[in-house]
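To start, the structure itself, in structure tokens.
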Amino acid sequence: MTFQELQPKVIAITHNDTTSRDEKLLAICQLLNENIEYYNWVGFYFANHESKTLHLGPYVGAETDHTVIPFGKGICGQVAESNANFVVPDVAAQDNYIACSFTVKSEIVVPLFVNGVNIGQIDIDSHVIDPFTEADERFLEFVNEEIAKLF
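Quick note: the sequence shown uses our numbering, first residue 105, plus one each step.
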């Protein structure tokens, strides 16, 4: 399924009045995981700015021990500080990478802004080296813009 075909599905999920915010986030994770072949782990982390930590939210994929990540640590922690998208074509080439699984080859993290504040991020792991393009970034920015309306 193309990103264009997925956009109305994302909107339908975020506008569903019968589900909670976490149920919507999980449904988006499932949608992306099931419809984009190289999205092998899809999840959300949310920031606690007082403790400068990220906390795992809804996700789909292999279990992870990384339920709390300090700002600055790993790709997610770096995005919490930089407020910028981070695409890692090959995780083996990254010094500040937190290994989740030996099957993960690449990662993309896109921050989630609400009223100009980075409140979290969508994090996607792939079992393929270098699958992410600018189209992935634009699509995930769209996803996060829709999710921001839930807060």
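The beta-carbon is built from N, C-alpha and C at its ideal position, and this holds for glycine as well.
Let me make sure I understand the geometry here. Which of the options has the alpha-carbon closest to that of residue i?
| i | options | result |
| --- | --- | --- |
| Asn-144 | Ile-251, Asp-227 and Glu-249 | Asp-227 |
| Phe-217 | Gly-147, Val-232 and Asn-189 | Asn-189 |
| Leu-160 | Glu-154, Phe-148 and Val-183 | Phe-148 |
| Asn-187 | Thr-168, Gly-220 and Val-172 | Gly-220 |
| Glu-141 | Gln-198, Glu-238, Thr-106 and Glu-249 | Thr-106 |
| His-231 | Glu-238, Gly-178, Asn-152 and Phe-206 | Phe-206 |
Measure the CB-CB distance between residue i and residue j and report whether it falls below 8 Å.
| i | j | result |
| --- | --- | --- |
| Val-114 | Val-247 | yes |
| Glu-241 | Val-214 | yes |
| Glu-211 | Asp-229 | yes |
| Leu-110 | Pro-162 | no |
| Leu-158 | Ala-184 | yes |
Would you kindly work out how many angstroms separate the C-alpha atoms of residue i and residue j, rounded to a whole number?
| i | j | result |
| --- | --- | --- |
| Gln-134 | Phe-243 | 16 Å |
| Gly-176 | His-170 | 14 Å |
| Gln-225 | Val-192 | 15 Å |
| Ala-196 | Lys-209 | 7 Å |
| His-119 | Asp-194 | 35 Å |
| Ile-223 | Lys-156 | 11 Å |
| Asn-137 | Val-146 | 6 Å |
| Ala-166 | Ala-116 | 26 Å |
| Glu-250 | Gln-198 | 30 Å |
| Asp-121 | Ala-252 | 16 Å |
| Arg-290 | Asp-234 | This structure does not reach residue 290, given that the chain is present from 105 up to 255, and the question cannot be answered. |
| Ala-151 | Glu-127 | 19 Å |
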